[in-house]
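Single-structure report; data block below.
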Amino acid sequence: MRAVRARGLTKCFGEVVALDGVDLDVPKGQIHGLVGPNGAGKTTLLGLLLGLSVADGGTLEILGAPVRRALAGPDGVAGFVDGPGLYPSLTARQNLAALARLRGDQGDDIDDVLDRVGLTDVADDRANGFSLGMRQRLGLAAALLTRPRLLILDEPSNGLDPAGKRQVQNVLTRLAADGTSVVLSSHRMDDVEALCSEVTILAAGRIAFSGPLGKLAAENRELDYRLLTGDPPRARRIAGETNGVTVIEKAEPLAVRALTPALDDLVRRLVDAGIALRELTPVVSPLEAAFLALTDEERR
70 MRAVRARGLT KCFGEVVALD GVDLDVPKGQ IHGLVGPNGA GKTTLLGLLL
120 GLSVADGGTL EILGAPVRRA LAGPDGVAGF VDGPGLYPSL TARQNLAALA
170 RLRGDQGDDI DDVLDRVGLT DVADDRANGF SLGMRQRLGL AAALLTRPRL
220 LILDEPSNGL DPAGKRQVQN VLTRLAADGT SVVLSSHRMD DVEALCSEVT
270 ILAAGRIAFS GPLGKLAAEN RELDYRLLTG DPPRARRIAG ETNGVTVIEK
320 AEPLAVRALT PALDDLVRRL VDAGIALREL TPVVSPLEAA FLALTDEERR
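In the numbering used here, the protein residues as written are 70 to 369.
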């Protein structure tokens with residue numbers, strides 16, 4: 070069973086088409102990234118997955134159950150859009166206790182989820198004094214309290230320092246390993262690449278790409294790579310002689326531009342020549358390159 074199966078979703082706000090024939094598949098236990106320029110339709114799609122609104126057209130199944138009206142999604146879905154809703158005058162612990170009572174839960178897991186998101190030391194501090202990153206983590210704790218089978222997160226790394234970001238990433242990775250599906254929207258390409266096995270790129274309400282991250286590098290788009298070898302002069306010469314490879318920076322480290330097949334050919338030629346290959350890294354990741362290309366297309 071897929072956690073999410075959407076076909077041909079459309080959503081309009083007046084004359085504005087927010088989603089235009091969107092398909093989405095999210096298997097069980099997968100962290101799926103949702104990226105795109107501002108106004109691409111990401112928040113609208115997340116709202117549909119959370120049951121905050123209903124699509125004007127198309128079909129949507131959440132955890133195997135069809136969703137035909139707002140606030141009618143199945144149990145097991147949790148998360149937030151545009152930041153978590155908190156009671157600012159209550160402490161972190163009291164916020165979670167209030168949520169537990171609303172669900173008819175005793176709240177036995179409150180201390181555990183606070184510890185998992187790194188808020189144990191501030192559990193009895195009021196939420197109105199929390200930083201953006203701490204509010205994000207408290208929102209995640211609130212979602213974890215419901216033991217979700219599908220977790221929807223909008224910019225979960227907002228305001229997090231490196232340690233907090235790593236902690237949240239560890240929480241999400243463990244959830245997925247235990248079978249929870251996660252859909253997250255982020256403008257942080259490094260977060261998406263670190264967490265997600267598949268990604269959907271939205272542009273102007275339509276799917277521009279959907280599939281494994283590795284497939285982006287194989288798409289018909291040249292990327293720039295940083296190339297560090299044990300013999301820069303010979304590597305520069307071989308790169309210049311390799312069809313489909315353009316040397317864009319001759320100083321060490323070498324910078325080349327190529328499609329994936331041409332880059333593979335260059336690597337084979339370097340290895341055959343006995344040149345040590347110490348580093349081969351995209352200057353801009355395939356995901357970020359795709360994002361920038363889409364943003365540029367929308368601007369034009």
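No residue lacks a Cβ here, since even glycine has one placed at the ideal position from N, Cα and C.
Everything numeric in this text was worked out from a predicted model, so none of it was measured.
{"query": "Grouping DSSP H, G and I as helix and E and B as strand, with all else coil, what is GLU310?", "result": "helix"}
{"query": "Does PRO350 pass the burial test, meaning 16 or more other C-beta atoms within 10 Å, or should it be called exposed?", "result": "With the sequence shown as reference, residue 350 is identified as Thr, and Pro is not the correct amino acid for it. The residue in question, THR350, is exposed, as its Cβ has fewer than 16 Cβ neighbours within 10 Å."}
{"query": "Using the three-state DSSP reduction, which class does GLY77 fall into: helix, strand or coil?", "result": "strand"}
{"query": "According to the neighbour-count rule (16 or more other Cβ atoms, all chains shown, within 10 Å of its Cβ), is ALA196 buried or exposed?", "result": "buried"}
{"query": "CA-CA distance, VAL252 and VAL95?", "result": "8 angstroms"}
{"query": "With which residues is LEU155 paired in a DSSP beta bridge?", "result": "None; LEU155 has no bridge partner."}
{"query": "Cutting at 8 angstroms between CB atoms, please list the residues of its own chain near PRO330, excluding the five before and the five after it.", "result": "GLY313"}
{"query": "Tell me where the beta strand (DSSP E) around THR315 begins and ends.", "result": "315–318"}
{"query": "Give the range of the beta strand (DSSP E) segment to which VAL325 is assigned.", "result": "323–327"}
{"query": "Threshold first: 4 residues or longer. Then list the alpha helix (DSSP H) segments lying entirely within the region 201–240, N to C.", "result": "201–214"}
{"query": "For my contact list, LEU207 and ASN239 are in at a C-beta cut-off of 8 angstroms; report their separation, rounded to the angstrom.", "result": "Going by Cβ atoms, the distance from LEU207 to ASN239 rounds to 17 angstroms, so no, they are not a contact pair."}
{"query": "So, are the CB atoms of ARG76 and THR128 less than 8 angstroms apart?", "result": "yes"}
{"query": "Quick one: measure Cβ to Cβ for ILE317 and ASP293, integer angstroms, because I've assumed they're closer than 8 angstroms.", "result": "6 angstroms"}
{"query": "Would you mind reading off the limits of the alpha helix (DSSP H) that contains GLU262?", "result": "258–264"}
{"query": "Measure the C-alpha to C-alpha separation of ALA359 and GLU310 and round it to an integer number of angstroms.", "result": "28 angstroms"}
{"query": "If you check the beta carbons only, do ASN282 and LEU356 fall under 8 angstroms apart?", "result": "Here residue 282 is Leu; the residue named in the question, Asn, does not match the sequence. Their beta carbons are under 8 angstroms apart, which means LEU282 touches LEU356 by this criterion."}
{"query": "Looking at the unbroken beta strand (DSSP E) that takes in ASP89, where does it start and where does it end?", "result": "85–96"}
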